[in-house]
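Take the position in the sequence shown, starting the count at 1, then add 501; the result is the number in our numbering.
Even glycine gets a Cβ: it sits at the ideal position worked out from N, Cα and C.
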Amino acid sequence: MRGLRLPGGASLLRADDTADGSTPMADDNPVFAEIPLGPLSAASRGEEPARAGGYLLAVVPTTAGQYWHYLVDQGLRRVPAPRLHGFLAAAGTGLRTTPEGVIVLDEQWAALPVTCVTWYGAVAYSEWLGSRIGMTCRLPSAAEWQYAAAGAAGLRWALGDDFDRKTYAPTATGPRPVGGTPANAFGLRDMTGNVFEWCADPLVTDDASGHVALGSRVIKGGAYTVRNPESFENATAFTADELSTVPYIGFRVLCPSPIQVPS
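Quick look at the structure:
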């Protein structure tokens with residue numbers, strides 16, 4: 502276990518935790534990185550404030566092993582919950598559903614990003630995690646996600662303005678274990694590539710009655726299913742139906758109010 506232990510079992514990334522190139526990991530709770538306050542680029546700002554940051558964001562996407570703890574704690578292993586998730590029957594995805602309808606964890610794939618979780622499932626996990634560690638937890642907004650990925654410099658991809666296909670988008674038929682990319686300026690990994698990530702923002706349209714939510718949510722970051730560099734750009738946003746359970750969308754958790762920790 503690396504990182505500074507916080508109350509409730511979560512951990513905060515320290516400046517020297519990635520000096521050896523390793524990925525800080527917790528057994529069942531996320532390791533968070535602090536995203537400092539900084540200017541939000543005009544391209545990503547929209548109606549958001551002109552400054553962003555001042556929150557904690559999970560260093561890597563939520564893993565299958567971490568979601569497994571949520572399933573066990575909430576008694577959801579044997580209860581159909583299509584509004585929350587829909588795991589495949591095939592092995593090799595971390596979590597799978599047996600012919601009897603029971604969700605099981607393949608231990609050797611516990612470090613894969615959890616996928617096949619709906620937007621509602623990602624929200625439910627975040628709220629459960631918050632109650633578990635005694636902090637407010639939620640999904641990041643698209644602007645918060647983009648700032649964490651791009652930094653104050655507004656980089657095109659998490660590690661710079663050049664697209665490194667070997668790092669971001671190697672040929673693959675499924676997700677890789679989390680932590681496969683180097684850390685960005687804030688210590689975050691996998692912000693570009695591997696799996697898309699759910700954001701809090703709804704897809705809205707304007708009509709005579711004003712803003713109308715269309716039942717879809719923003720996803721960002723790119724995935725192993727796409728190849729063109731533009732799809733991976735920090736500023737690019739796609740949308741997916743809130744009830745989508747596909748093997749290329751995951752999520753990571755944000756805590757909006759950093760707590761005071763020892764220096």
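Span separating the alpha-carbon of A673 from that of R728: The C-alpha of A673 lies about 11 Å from the C-alpha of R728.
From V603, R666, E535, G602, residue whose alpha carbon lies closest to that of G694: That would be R666, whose Cα lies nearest to the Cα of G694.
Cβ shell of Q626 (< 7 Å), same chain only, five flanking positions each side left out: The sequence shown places Tyr at residue 626, not Gln. For Y626, where only same-chain residues beyond five positions count, the Cβ hits under 7 Å are T563, Y568, Y571.
Range of the contiguous beta strand (DSSP E) that encloses T740: First-last of the beta strand (DSSP E) with T740: 739 to 742.
DSSP-derived helix/strand/coil call for G593: Here G593 sits in coil by DSSP.
Close beta carbons around C756, own chain, < 7 Å, minus the five adjacent residues each side: Closer than 7 Å at Cβ, skipping near neighbours: F533, Y556, L557, M636, T637, C638.
Whole-number beta carbon distance between A643 and V705, since they are thought to touch under 8 Å: Their Cβ separation, rounded to whole angstroms, is 12 Å, which puts V705 and A643 out of contact at 8 Å.
Within 7 Å, strictly: CB atoms of Y669 and F733: In this structure, Y669 sits near F733, with a CB-CB distance shorter than 7 Å.
Span of the beta strand (DSSP E) around L606: For L606, the uninterrupted beta strand (DSSP E) run begins and ends at 604 to 606, by DSSP.
Beta strand (DSSP E) runs wholly inside the region 679 to 732, at least 3 long, in chain order: Fully enclosed beta strand (DSSP E) runs of 3 or longer: 697 to 708, 711 to 721.
Euclidean distance between Cα positions of V605 and V615: Distance between the alpha carbons of V605 and V615 is about 13 Å.
Beta carbon proximity, E698 to chain C, threshold 7 Å: Absent from the structure is chain C; it holds one protein chain and no more.
Under the three-state DSSP convention, the category V532 falls into: Strand at V532.
Minimum C-alpha distance to E608 - residue among V561, D529, G661, A653: If we check each option's Cα against that of E608, D529 comes out closest.
Separation of T599 from G655, as counted between CA atoms: T599 has its alpha-carbon roughly 44 Å from the corresponding atom of G655.
Extent of the continuous alpha helix (DSSP H) run through Y749: For Y749, there is no enclosing alpha helix (DSSP H), since its DSSP letter is neither H nor E.
Beta-carbon proximity list for K721, same chain, < 8 Å, skipping 5 on both sides: Spatial neighbours of K721 in its own chain (CB-CB distance under 8 Å, excluding positions within 5 residues in sequence) are listed in chain order as A643, W646, Q647, A650, F697, E698, C700, N735, T737, A738, F739.
Within 7 Å, strictly: CB atoms of L596 and A565: Cβ atoms of L596 and A565: closer than 7 Å.
For G661, three-class secondary structure by DSSP: Reduced to three states, the DSSP call for G661 is strand.
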